[in-house]
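This report refers to the structure that appears directly beneath it.
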Amino acid sequence: MPQSRTAGLLAIYPHITSRDRLLLQLLDDHHVLTTDQIHRMLFHARRTCQIRLSELAALGLLDRFRFARDGGGSQPWHWTLGHNGHRFQAAAHNRPEPTARTSRQTVQRLSANPHLTHLLTTNEFFVRLTAHARHHPDAQLDRWWSETLTSKQYRTITADGHGLWSVDDTNVGFFLEADTGTEALRSRVVTKLDRYAQLIRRGGPRYPVLFWLHSEQREEHLHRLLRGKPGDVPAATATHHNDPADAVWLPAGATGRVRLTALPSDHGQPVADNPNYDDGVFVL
18 MPQSRTAGLL AIYPHITSRD RLLLQLLDDH HVLTTDQIHR MLFHARRTCQ
68 IRLSELAALG LLDRFRFARD GGGSQPWHWT LGHNGHRFQA AAHNRPEPTA
118 RTSRQTVQRL SANPHLTHLL TTNEFFVRLT AHARHHPDAQ LDRWWSETLT
168 SKQYRTITAD GHGLWSVDDT NVGFFLEADT GTEALRSRVV TKLDRYAQLI
218 RRGGPRYPVL FWLHSEQREE HLHRLLRGKP GDVPAATATH HNDPADAVWL
268 PAGATGRVRL TALPSDHGQP VADNPNYDDG VFVL
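Each residue of the sequence shown is one higher than the one before, starting from 18 at the first, in my numbering.
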């Protein structure tokens, strides 16, 4: 009698570690991570990371793709869920089991997504906070929400992500706007602050909006534009080459840079925008 699909998946379970399960959940939530990003978050030795990723790919839990560099050579491997990874996550979250065709299409669409660079940039921000916390016991990334989950909770804003960051007894929430240098700052980026202001007026959280920018020139330009905006929404900027956990954030209207935990943060009423919130617990 042929082995059922469920039994085939169960046969993989003895090979899945707690670290593997964390990685599968991260990829389920955030779609794609590079080898380097996974190494910094979950492994000590890069070679160990590479070997384990290859083993998970052989089990069908992960899939990968990469592109050629314009100047020669190849970009790093981009890792996402493989078919068995999709099946495992579907079982873990009581979702319908995907077909092999659906899993293939998901990877193909992700690899061809014109916003892939932006997604990796957004994920890199949170990867750096996670990696920083690994080496600083007083720090912790308590929440990492994707754009999709953030939109479900706060339906009128279009943040690239949302997080809660703690150092010692100080906790700050934030919304992330990750910039890859392709959007017009005046017409696309600055106008987003109006939606954050509306969220605050409805009793939602007054979290700082973090503009993580492509270059120092973009940062200077944005601060010139922010001078004409109302101060209802706390906003701060930094550039990609900095560690977001360090004192690199320049608040709008300020002259000195501060750490993330020094930015004003008011949690407001987290149930204000989403009826799926029940006693502070988000219900998917």
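Every residue, glycine too, gets a C-beta built ideally from N, C-alpha and C.
As the structure is a prediction and not an experimental result, all values here were calculated from the model.
Leaving out five residues on either side along the sequence, give the residues of the same chain with a beta carbon under 6 Å from the beta carbon of residue i.
i           : result
residue 139 : 177, 178, 195
residue 240 : none
residue 82  : 95, 128
residue 214 : 249, 250
residue 282 : 189, 190, 224
Can you pull the DSSP bridge partners for residue i?
i           : result
residue 80  : 97
residue 122 : Its beta-bridge partners do not exist; DSSP assigns none.
residue 230 : 256
residue 50  : 96
residue 283 : 223
residue 91  : 85
residue 273 : Residue 273 is not bridged to any residue.
residue 184 : 156, 187
Helix, strand or coil for residue i? Go by DSSP, reduced to three states.
i           : result
residue 211 : helix
residue 267 : strand
residue 256 : strand
residue 144 : helix
residue 152 : helix
residue 56  : helix
residue 110 : coil
residue 198 : coil
residue 179 : strand
residue 26  : helix
Looking only at its own chain, which residues have a Cβ that is under 8 Å from the Cβ of residue i, when we skip the five neighbours before and after it?
i           : result
residue 121 : 100
residue 86  : 92
residue 217 : 223, 249, 250, 285
residue 89  : none
residue 112 : 106
Just mark residue i as buried or exposed, buried being the case when its beta carbon has 16 or more other beta carbons within 10 Å.
i           : result
residue 30  : exposed
residue 158 : buried
residue 55  : buried
residue 25  : exposed
residue 170 : buried
residue 104 : buried
residue 232 : exposed
residue 263 : exposed
residue 84  : exposed
residue 146 : buried
residue 35  : exposed
residue 149 : buried
residue 118 : exposed
residue 50  : buried
residue 261 : buried
residue 253 : buried
residue 237 : exposed
residue 298 : Low confidence applies to residue 298: its pLDDT is 31, below 50, so where it sits in the model is not reliable, and the reading given next is rough at best. Exposed is the call here.
residue 68  : exposed
residue 221 : buried
residue 270 : exposed
residue 97  : buried
Could you check where the alpha helix (DSSP H) with residue i kicks off and where it finishes?
i           : result
residue 71  : 63-75
residue 194 : Residue 194 -> not in any alpha helix (DSSP H); beta strand (DSSP E) instead, spanning 187-195.
residue 38  : 35-47
residue 307 : In the structure displayed, the chain extends from 18 to 301; residue 307 sits before or after that span and is not available.
Excluding the 5 residues preceding and the 5 following residue i in the sequence, name in chain order all residues of the same chain whose CB lies nearer than 7 Å to its CB.
i           : result
residue 135 : 195, 197
residue 153 : none
residue 163 : 46, 47, 178
residue 63  : 56
residue 58  : 144, 147, 148
residue 259 : 265
residue 155 : 184, 185
residue 115 : 103, 104, 107
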